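Enquirer:
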């Protein structure tokens, strides 16, 4: 609670004490003097509400009559004039309590949302003239060396020049398992250095560092407003004048219909009109919707899902078709050994050892993948290695000729080999004239991909389409393994746009999301109803092009984002319906004379507080799918 | 020129919306936006009249929302 809140609380308590004392003294017939009683009530009234009255006066001078201070002032002063002194005091106190609650709730949610995004480093330790100086990250220049101690946040993007450590990217990606980083690796601002001191050469100024980019994206996300947000703002602008006019109508027409001669009737109608004014403040409405979206955006960003605006939350929640790029999205995009076939009389160990030696000199990605698979324990051991361009490698190992290469090489040397039909690329291996076996390499499917597709299907994304530039065999294989029924292969980047457009044309109702790695599919990301880029961490292109950025490259986050978006939109709807229903119900009850100003105050501030609490729920994004 | 300022003591989103509309109407302001939750005011102002215009913006804030202050530049 801030000092401002404490002051307000004191005023409310003092006012309530005077009010209580007056009520007791009056009730016990201790004060006989009517005027003294009224005086005490007025004292309580002014203690609680002098600032509202003062702002009201200022606003009248400026001609702003639909200001909430002015409306509250009119309502309570009106109550005083019709002789409802205790009512006026009570309403003023309750209104202030509500405002205080609202202010505290707003402050609290602001803090908890921004703590989700507590990425911004406060300072950086930079080496200057041989000593370490602590400065504002803004002041660090590219090329300077910063020191990051264990437990500290990395303030700027850079490259490690000394030391190695574990780096925790949880603030950026939601992934809590720390990653290894050693000399020469680049590190991103906003990550936390876990285990030991590192020295980092700064590669980007603070304003272009990852952390600034992300914060800017999240903070500006309120600029892209959702339809329901715009609706509520427009609604709020007409709501107040309409309710005020209704109040006037009640105050004038009511008595004329039910008997204008009776002063008691007049009083009753004026009282109802005053209650109307209390309900006329649109704050609950205006606060509940954007706050829900903002806490949804905050909650998702904590899980490594960045959304560029509440309008995208709305679109994402309506998503029923997901179009996924294969390479880099569902697969790792790296070639790996997936299978080894051995002929009889040759064990796998021996086969890969030969393959490893043959490939030890090559820089081809396939060779690298084989070396990687073997752990390259046996580099060397060959008497001679020669590359046969377009065929493969010939090596002399332990005195015998070994060939490793494609089918054409096997045909060329006249070895009787067994043709492989798996999806991927193959390296056949033969020694002298004997065929030994075959190594199958392919782009591997990410561990999470199957679960990601199932989760998407499970949350109502009925149609899943895979696009790829690879050939049909590979596409069919991946699609079958992941349970995707619809796929299109051998597509050039421009074909992907055309295909997406065709899918967009063919659909009715829901929205289409395209998910890619943002590297060469920027046009498709832009063309789809909503573009989701994976692996945004460190990729400016992906952050630029997409509407939603998944910071790491875990495809499970797609379903997580869709679910969180649906939940946020549901809470928005709850809030709109709840606030409007309560306000309208109370307006009707007040008009009929069945509810007093007390209920009206609840409809104003009480509802706002409840709506805020409900909005905060959007911040909790369920990790489990 | 685009600048971001921090707003202090802005408690009600409706007031923020009103303030945003008022600032947009200040002569010389190309665009203005208030992020109520981050308590940030982003204004885009014509380059050659920046000082004069920003002064008017600050005055507008003071007039519209007594108690609300434009605090720091970021």
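Residue numbers (this note's numbering), protein chains in the order written: chain V, 1 to 625; chain D, 626 to 699. Virtual Cβ for every residue (Gly too), placed ideally from N, Cα, C. Treat the numbers as computed from the prediction; the structure is a model and nothing was measured.
May I ask which residues mark the beginning and end of the alpha helix (DSSP H) holding residue 254 (chain V)?
Expert: That run of the alpha helix (DSSP H) goes 227-258.
Enquirer: Please classify residue 355 (chain V): does DSSP put it in a helix, a strand, or coil?
Expert: Looking at residue 355 (chain V) - three-state DSSP - the assignment turns out to be helix.
Enquirer: For residue 561 (chain V) and residue 284 (chain V), what's the separation of their Cα atoms in angstroms?
Expert: Going by the C-alpha atoms only, they are around 27 Å apart.
Enquirer: Just mark residue 50 (chain V) as buried or exposed, buried being the case when its beta carbon has 16 or more other beta carbons within 10 Å.
Expert: The residue in question, residue 50 (chain V), is exposed, as its Cβ has fewer than 16 Cβ neighbours within 10 Å.
Enquirer: Going by DSSP, which residues form a beta bridge with residue 425 (chain V)?
Expert: Paired residue(s): V:441.
Enquirer: Is the CB-CB distance between residue 358 (chain V) and residue 436 (chain V) below 8 Å?
Expert: For residue 358 (chain V) and residue 436 (chain V), no; Cβs fall outside 8 Å.
Enquirer: With a threshold of 8 Å between beta carbons, is residue 676 (chain D) in contact with chain V?
Expert: Closer than 8 Å: no.
Enquirer: Any beta carbon from chain D within less than 8 Å of residue 86 (chain V)'s own beta carbon?
Expert: Not closer than 8 Å to any Cβ of chain D, the Cβ of residue 86 (chain V) fails to qualify, so no.
Enquirer: Can you tell me whether residue 54 (chain V) is buried or exposed, with buried defined as 16 or more other CB within 10 angstroms of its CB?
Expert: Residue 54 (chain V) comes out exposed.
Enquirer: Please decide whether residue 639 (chain D) counts as near chain V, where near means a Cβ-Cβ distance under 8 Å.
Expert: Closer than 8 Å: yes.
Enquirer: Quick one: does residue 287 (chain V) have its CB under 8 Å from some CB of chain D?
Expert: Yes - at least one Cβ of chain D is within 8 Å of the one on residue 287 (chain V).
Enquirer: Compute the Euclidean distance between the alpha carbons of residue 592 (chain V) and residue 85 (chain V), then round it to the nearest angstrom.
Expert: When rounded, the distance between both Cα atoms is 22 Å.
Enquirer: Consider the Cβ of residue 687 (chain D): report whether some Cβ of chain V lies at a distance smaller than 8 Å.
Expert: False, the Cβ-Cβ gap to chain V never drops below 8 Å.
Enquirer: Residue 233 (chain V) versus chain D: which residues are under 7 Å apart at the beta carbon?
Expert: 642, listed in chain order.
Enquirer: Is the Cβ-Cβ distance between residue 319 (chain V) and residue 511 (chain V) less than 8 Å?
Expert: Yes, the Cβ-Cβ distance between residue 319 (chain V) and residue 511 (chain V) is below 8 Å.
Enquirer: Run through chain D and tell me which residues come within less than 9 Å of residue 236 (chain V), C-beta to C-beta.
Expert: Residues of chain D passing the Cβ test: 639 and 642.
Enquirer: Cutting at 8 Å between CB atoms, please list the residues of its own chain near residue 38 (chain V), excluding the five before and the five after it.
Expert: Contacts found: 85.
Enquirer: Using the three-state DSSP reduction, which class does residue 370 (chain V) fall into: helix, strand or coil?
Expert: Of the three classes helix, strand and coil, the one that applies to residue 370 (chain V) here is helix, per DSSP.
Enquirer: Which same chain residues, not among the five before or five after residue 651 (chain D), have their C-beta less than 6 Å away from its C-beta?
Expert: Excluding sequence neighbours, residue 651 (chain D) sits near 681, 682 and 685.
Enquirer: Less than 8 Å between the C-beta atoms of residue 202 (chain V) and residue 146 (chain V), yes or no?
Expert: For residue 202 (chain V) and residue 146 (chain V), yes; Cβs fall inside 8 Å.
Enquirer: What does the alpha-carbon distance come out to for the pair residue 582 (chain V) and residue 269 (chain V)?
Expert: Each residue's Cα considered, the two are about 21 Å apart.
Enquirer: Taking only three categories from DSSP, how would you classify residue 634 (chain D)?
Expert: In the structure shown, residue 634 (chain D) sits in coil (DSSP, three-state: anything other than H, G, I, E or B).
Enquirer: Hey, does residue 609 (chain V) have any beta-carbon neighbour from chain D nearer than 8 Å?
Expert: False, the Cβ-Cβ gap to chain D never drops below 8 Å.
Enquirer: Does residue 662 (chain D) come out as helix, strand or coil in the three-state DSSP assignment?
Expert: The answer is coil: DSSP assigns residue 662 (chain D) none of H, G, I, E or B.
Enquirer: Below 7 Å on C-beta distance, what does residue 633 (chain D) contact in chain V?
Expert: The premise fails here: residue 633 (chain D) is roughly 10 Å from chain V at the closest Cβ pair, so nothing lies under 7 Å.
Enquirer: Given a limit of 8 Å on CB to CB distance, which residues of the segment 267-300 of chain V reach chain D?
Expert: Answer set for the segment 267-300 of chain V: 281, 282, 283, 286, 287, 290, 291 and 294.
Enquirer: Have a look at residue 529 (chain V) and residue 447 (chain V) and give me their C-alpha separation to the nearest angstrom.
Expert: If you take the alpha carbons of residue 529 (chain V) and residue 447 (chain V), they lie about 28 Å apart.
Enquirer: At a CB-CB cut-off below 7 Å, which residues of chain V make contact with residue 636 (chain D)?
Expert: Those within 7 Å of residue 636 (chain D) in chain V are 103 and 106.
Enquirer: Return the chain-ordered list of same chain residues with a C-beta closer than 8 Å to the C-beta of residue 441 (chain V), the five sequence neighbours on each side being excluded.
Expert: 335, 336, 337, 338, 366, 369, 370, 424, 425, 426 and 427, listed in sequence order.
Enquirer: So for residue 682 (chain D), helix, strand or coil by DSSP?
Expert: Residue state, collapsed to three classes: helix.
Enquirer: Could you check which residue in V:78, V:48, V:73 and V:133 has the C-alpha nearest to that of residue 94 (chain V)?
Expert: Nearest C-alpha to residue 94 (chain V): V:48.
Enquirer: Is it the case that the segment 286-294 of chain V contacts the segment 472-481 of chain V, given that we only count it when at least three CB pairs across the two stretches are under 8 Å?
Expert: Cβ pair count under 8 Å is below three, so no.
Enquirer: Suppose contacts are defined by Cβ-Cβ distances below 8 Å. Is residue 310 (chain V) in contact with residue 225 (chain V) by that definition?
Expert: Contact: yes.
Enquirer: Pick from V:387, V:390 and V:433: whose alpha carbon is nearest that of residue 400 (chain V)?
Expert: Considering only alpha carbons, the answer is V:433.
Enquirer: So, with DSSP's three-state summary, where would you put residue 546 (chain V)?
Expert: DSSP places residue 546 (chain V) in coil when its eight states are reduced to three.
Enquirer: Check the Cβ of residue 11 (chain V) against every Cβ in chain D and list those closer than 8 Å, keeping chain order.
Expert: Those do not exist, as residue 11 (chain V) stays about 15 Å from chain D at its closest Cβ, beyond 8 Å.
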